[in-house]
Structure formats: C-alpha cells, structure tokens
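The block underneath contains the structure these notes are about, expressed in structure tokens.
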C-alpha cells in the first residue's frame, strides 16, 4: 500500500460512515487489503488497478460512496477515524509478524 496520509484516513472514514456500524471493521480491513493489492499491481504493471486504483487508500475510497466530512464534533465520525487508524496499526503489525516467521 502507498504511504498513508491524513487524507487517506479521512476518506476511508467517510466511506465507513455509509456502512452499518457492525460492518465497518470488515469493510475497513477489506479496503486496506485491496489498497495493498492495488499498489502491488501498480508496481508490477505500471498502471492503476481497474477496480482498486493506484494503491492509495484515498484512490480506493473515492471509488465508493462517501458522506461529506462532518468534523470531529461528530462522535460517529470520530469512531470511524479511530477504526481506520486501529485497523492500519493491526494490519502493519500482522505483516511484521508474518515477515518474521518467513
């Protein structure tokens, strides 16, 4: 996956706002995995993946329905931002563990 910036986190959180709360963790994990796969595709073929973009979370998120950014006064939005950050930490940690095993 490409380097994750503030805009990537915000974009994914805006997508998650369109999902039912119980589905958000799964959707977030799926988007992270798809973004990673798209980046690998981009590095191999030199072009964006037709469904998942160029490997950035923002490119992938903009291919989904999004809500406007509500700001941090909205607790549901804060929860979504927190979820994205948490899932990114978990994903990176899992990758480091898998690399150490191999």
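In our numbering, the protein residues as written are 226 to 327. No residue lacks a Cβ here, since even glycine has one placed at the ideal position from N, Cα and C.
Extent of the continuous alpha helix (DSSP H) to which residue i belongs
| i | result |
| --- | --- |
| residue 304 | 300-326 |
| residue 241 | 231-241 |
Chain-order list of residues whose beta-carbon lies under 8 Å from that of residue i (same chain, five-residue window excluded)
| i | result |
| --- | --- |
| residue 248 | none |
| residue 303 | 297 |
DSSP bridge partner residues for residue i (one or two, in chain order)
| i | result |
| --- | --- |
| residue 274 | 278 |
Integer Cβ distance of residue i from residue j, believed to fall under 8 Å
| i | j | result |
| --- | --- | --- |
| residue 292 | residue 228 | Between residue 228 and residue 292 the Cβ distance is about 25 Å, and since that is not below 8 Å, they are no contact. |
| residue 288 | residue 278 | 6 Å |
| residue 250 | residue 312 | 7 Å |
7 Å Cβ shell around residue i - same chain, five flanking residues per side excluded
| i | result |
| --- | --- |
| residue 261 | 226 |
Contact check, residue i vs residue j, beta carbons under 7 Å
| i | j | result |
| --- | --- | --- |
| residue 309 | residue 253 | yes |
Cutoff 6 Å; reference residue i; Cβ partners in own chain excluding five residues on either side
| i | result |
| --- | --- |
| residue 236 | 283 and 286 |
is_contact[residue i, chain B] using C-beta, thresh 7 Å
| i | result |
| --- | --- |
| residue 231 | Structure shown: chain B not included; a single protein chain is present. |
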